[in-house]
Amino acid sequence: MLNFYKQRPFLENEFEEAEWIPESGLNEDALSDGFHAYLVENQNMEPPLLRAGGLRYLLENCQISINPHSIFCQKMNLGVRYNSSQSDADFLKKQLHEAGPDIMENCMFYPRNRDFQEQMAPEQAALNRKAMSIGAGRACADFRHACPDWTAVFQLGFSGLRSRLEKAKNEKEMAGILTEEQRVFYDAAIISYDAILAYIDRVIRYSEKFDVPEYTAALRQLRNSPPQTTYEAMILTILFTNFAEIGYEKVRTLGLLDVMYEPFYRRDCEQGRCSREEMKNMLCFFFLYWNAARRGAQQPFGLGGTGEVTYLMLEVYEELNIINPKLHMRCAADIPEQLLRRVAELIRKGSSSIVLINDEAVYRGYELLGIPRCDSKNYLPMGCYEPFLMGKEEAYICASWLNIAKQVELTITGGVDLLTGETFGTPTPQEYDTYAEFLEGFYSRLHEFVNQTVDMIDTFSAFGVKVNPSPVLSATMESCVEKGVDIYDGGMVYNNATIKAYGIGTATDALLGVKKLVYDDCLFSLPELARVLRMNWKGYEYQRQLILNDQQKYGNHLQQPDDLAREIYDHLACWIIGKSNTRGGVYRLGADSVDFAMTEGEKMGASADGRLAGEPISKNLRPVSGMQRRGVTAAMESALHLGQERFLGSAPFDFLVHPSAVQGEDGLDAMAASFRAYFAAGGMAIHGNVISYETLLEARDNPEKYSDLQIRVCGWNDYFVNLSPAQQEQFLRQAKVSV
Amino acid sequence: MTQGMITGVKRFEIHDGPGIRTTVFLKGCPLRCLWCHNPETNLPGAQLLYYPDRCIGCGTCARLCTCHKIGKDGHTLDRMACTGCGMCVSACPAKALQLRGRYVPAEELAEELAEDRIFFDASGGGVTLSGGEPLMQPLFSVELLKRLGEMGIHTAMDTSLYASEAVIARVTPFVRLLLVDIKAIDEQVHLRYTGVSNEPILRNIRRLDQDNRAMEFRVPCIPECNMGQIEKIAEFVGLLKHRYPVKLLPYHDFGNAKSQALGRKQPRFKIPSDQEMEQAAEAFRARGIAVKVSGKG
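For the record, the sequence lines run as chains A and B.
Everything in the first sequence is counted per this note's numbering, starting at 1 for the first residue and increasing by one.
Everything in the second sequence is counted per this note's numbering, starting at 740 for the first residue and increasing by one.
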């Protein structure tokens, strides 16, 4: 097998530099024209069949590239950007724009959420647009976070998945219970898998012409049966992801790779096919493949084992120092100290893409939904850090975000957006006699918006199968195949949806700001405060400093703010968790903010905690930037006080410390111990940035010297030098107080 | 109810004893080390810190107290007239004025210090009394240590051991681990850089050694001042009845900003090189003493 270190120069840019075999298919332009014609011709076809036919067209006609420097040779040419790195399928998006709206309605290859929302549910779409424009929140049917049932993929292989479909269809047909919708479902899936098998045949034909006998042999094996070796398993992971992502979905986790590969690796070793060094070599190729393929968006994978492959993967990960694929680490209560320390070491070294997720908290979260441990024990983290049940649950993990802090702003103004002057939601009073009444006013606004969000998600997701049927992924799900129903049509065992409510730090501090400024210290009346906030505190610097420096801030393990923050989530949990949705499932609650803390902060006026207009709001479970005054453990305890078992939709804690705080072996012990303590007390997830203010300052001023400095942005990580100046500023502010 | 005066509490500390620790800084110190990194703990009473870059020039302090003036050059402070009453501090909206030193009841403080218990338990950590010199407030320290002990929390004390025999005998039985500073062996050197004789310190160390108390020695390393004493310190530690671990603390200048805020001028010293630290460590290693350089491995 090839040696990774010798081939590395040929791999870093292998997508940009792919050489397409001319005779293997149509060039990009011709492929694009043909696809366009296909869409026009078939616009009245049933959506699942249209999608399957589209997939077949692309796989039959696209050009292929075989890179003899890689051990994962094949690439498909579906358009420049798709192949260069982006899986956003801009090529397909272009097709739709050219094809016009009538086709767009019928086509699921790039069902941009907003377009279909506008057409199918104008009322909810208008509300959604407005909520987004003022930074209050957003909702959609989340087709962007998908995952096959990797267990089925590995057990059955492509041909096995196809036969299972055929068998299910035949059984129903023989029994005379096959409905028209089911027939469409099965046919679309069978067409898709036939297209996939034919494509593999094509790749085999071309790879035979190159000197890549191992790859060709592996493909032959995978063409007809499930994988037998680690190498084949890796190829299957890559191929399946390639096929599943032709269209709109993104495969947001490659599965628990160490758990899945460990048995293959053991067998390989026993039969003398593989050694530790060879495995490491393959893993280098494998990880770098994803890093090269996904410059823009990250490809997560999970670790959940404690075997040799787990440590090997960490070793390779450390050596390559790449930001992609990013790593989800499942942490059982009895995770070995050695492993936890190893992960802490990687985080301290700067591998900021690692997220640790607490098994116990996830199990308890599912128990709240009535899902027992026997079902939830095989959960998998997806996307940024969201748990879901692979093969059983469609959780719409990013169906909506709801900005809690914005509702405080709207309560102060009686429903008027500070920056635009537009009204939002039902108008509420401009004045309240007591703080308790003000707080009630806030809760009633929040409740109203929760209900509106639920309505939006229910409405948008009702069109799921029309705009985004998913035959390739559905075929891997046992329940979908059994029922003959698509994932997005309620085919899963659990058809849930997730609402994320973020900005708890800013919301809590702002509510307590109102309490102090208006009701305790009587510095302003509520309408006066609204006026001061509209003026962005101009002329009121004294009062602003007074409130900024007030002790009562969330994230410091203080009773008043922590109790209030918990109370807010008590309300949200009551309204959201377990509430039925229209697909037969229930709602889940999450508390992470991704980078909306930044972008939606820009749309918010000044807030009563002393924050200026446009500044970021608090991120995930963290206190407001600069307000972590009693150290990281106090911030962790505040976060724990929220009752995190309710945040099944995920709630990471950003463990941000100065390198000097965790120096040496003692420092590693301390990191590992604090993770363990946080999890034992019910924390959901942790990700870390161990970085100093000085380093960040240096990196900002001398980007060329720090091109490899990683930083955890939110759900993903990036190189610090790639961040916008505003984002860099945010990290500098956080780092300054983390000492 | 015993009250004590502290400057503050720091959580998630890993350099003040085993595991994750919460460290409390007690006011007052009999030594005046030239390189002191916590100068705001020197005096037994409250001390006023002023940070000019935070001042927004609102003039609130000047209206409350004659020590403050807001003139053409901004804010000026008459420290000689300051009584440390703290009126200006509670009125300053920007926290440009800060008072270091507040009275807290031992009972209340013990509760606060125990907050990070889950982290202590997971890491084998606990609470460290530091300062200043905790032995300057013996009754308060004893009360605090007792309460922490009752809660089952591991206790350590960062001390110079510059105290009377009676104080040592009263306080140390409640401490699980003593982190003892040794700055010099030659009395003259010690006098020159810390202002006091080391005679009681060395005597107390020997006595505690006889009493079989758990100790760890810490040696601040300031090239211009005491690094010529390293050999002698190593020899002294080597001749004790028990083997105690030693931690070498390379000089840093973090104390200077605080000194400035206190209106004092603190001399700046050279930061020792890795090589110098390694050499110092070798002196201990050669005598079979376990030694660590702070911030390394």
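Virtual Cβ for every residue (Gly too), placed ideally from N, Cα, C.
Nothing here was measured: the structure is a model prediction, and the numbers come from that model.
Proximity to residue i [Cα-Cα], best of the options
| i | options | result |
| --- | --- | --- |
| E16 (chain A) | A:K209, A:A293 and A:E528 | A:A293 |
| N965 (chain B) | B:Q949, B:P1011 and B:D755 | B:P1011 |
| N536 (chain A) | A:E180, A:T599 and A:A613 | A:A613 |
| A233 (chain A) | A:F679, A:P263 and A:T582 | A:P263 |
| I944 (chain B) | B:E974, B:A905, B:L900 and B:E926 | B:L900 |
| F1023 (chain B) | B:Q1014, B:G977, B:P989 and B:A801 | B:G977 |
| A835 (chain B) | B:R793, B:R1003, B:D897 and B:T799 | B:R793 |
| A136 (chain A) | A:Y587, A:A507, A:G539 and A:V481 | A:A507 |
| R544 (chain A) | A:K553, A:V532, A:G555 and A:Y554 | A:V532 |
| E249 (chain A) | A:R348, A:N170, A:R144 and A:I204 | A:R144 |
| Y706 (chain A) | A:V721, A:T216, A:V594 and A:S580 | A:V721 |
| Q644 (chain A) | A:A573, A:T599, A:P659 and A:A672 | A:A573 |
| L546 (chain A) | A:Q727, A:L517 and A:A565 | A:L517 |
| A905 (chain B) | B:D897, B:M875, B:P989 and B:K885 | B:M875 |
For residue i, three-class secondary structure by DSSP
| i | result |
| --- | --- |
| M390 (chain A) | coil |
| N403 (chain A) | strand |
| A508 (chain A) | This sequence places Thr at residue 508 (chain A); Ala is not what is there. Looking at T508 (chain A) - three-state DSSP - the assignment turns out to be helix. |
| Y706 (chain A) | helix |
| F653 (chain A) | strand |
| R700 (chain A) | helix |
| S470 (chain A) | coil |
| H929 (chain B) | helix |
| A608 (chain A) | coil |
| C480 (chain A) | helix |
| K302 (chain A) | According to the sequence provided, residue 302 (chain A) is Gly. The question's Lys does not apply to it. In this structure, G302 (chain A) counts as strand in the three-state DSSP scheme. |
| L770 (chain B) | coil |
| T428 (chain A) | coil |
| F764 (chain B) | strand |
Residue i classed as buried or exposed, judged by whether at least 16 other C-beta atoms fall within 10 angstroms
| i | result |
| --- | --- |
| N781 (chain B) | buried |
| E779 (chain B) | buried |
| I177 (chain A) | exposed |
| K980 (chain B) | exposed |
| C827 (chain B) | buried |
| S903 (chain B) | exposed |
| N13 (chain A) | exposed |
| C274 (chain A) | buried |
| C772 (chain B) | buried |
Cβ-Cβ distance between residue i and residue j below 8 Å
| i | j | result |
| --- | --- | --- |
| G464 (chain A) | Y488 (chain A) | yes |
| E970 (chain B) | K1009 (chain B) | no |
| A475 (chain A) | L59 (chain A) | no |
| F762 (chain A) | L410 (chain A) | The structure shown does not extend to residue 762 (chain A), since chain A spans only 1 to 739, so no value can be given for it. |
| A1019 (chain B) | Y790 (chain B) | no |
| V450 (chain A) | I323 (chain A) | no |
| M329 (chain A) | V309 (chain A) | no |
| F287 (chain A) | V251 (chain A) | no |
| Q117 (chain A) | F460 (chain A) | yes |
| D562 (chain A) | K619 (chain A) | no |
| L917 (chain B) | M954 (chain B) | yes |
| N556 (chain A) | A833 (chain B) | no |
Residue i, enclosing beta strand (DSSP E) - first and last residue
| i | result |
| --- | --- |
| Y789 (chain B) | Q786 to Y789 |
| N77 (chain A) | Q74 to N77 |
| I576 (chain A) | Run containing I576 (chain A): none in the beta strand (DSSP E); it sits in the alpha helix (DSSP H), Q559 to I576. |
| G865 (chain B) | G865 to G870 |
| C960 (chain B) | M954 to C960 |
| P381 (chain A) | Y379 to M382 |
| T498 (chain A) | A497 to Y502 |
| A139 (chain A) | G137 to A139 |
| A895 (chain B) | H893 to T898 |
| T253 (chain A) | Per DSSP, T253 (chain A) belongs to no beta strand (DSSP E) and is neither H nor E. |
Limits of the alpha helix (DSSP H) - the one that residue i falls within
| i | result |
| --- | --- |
| G34 (chain A) | E28 to E41 |
| K885 (chain B) | P877 to E889 |
Cβ-heavy atom distance, residue i to the ligand ZN, below 7 Å
| i | result |
| --- | --- |
| Y554 (chain A) | Inclusion of the ligand ZN in the displayed structure is not the case, the ligand content being empty and no account of it being possible. |
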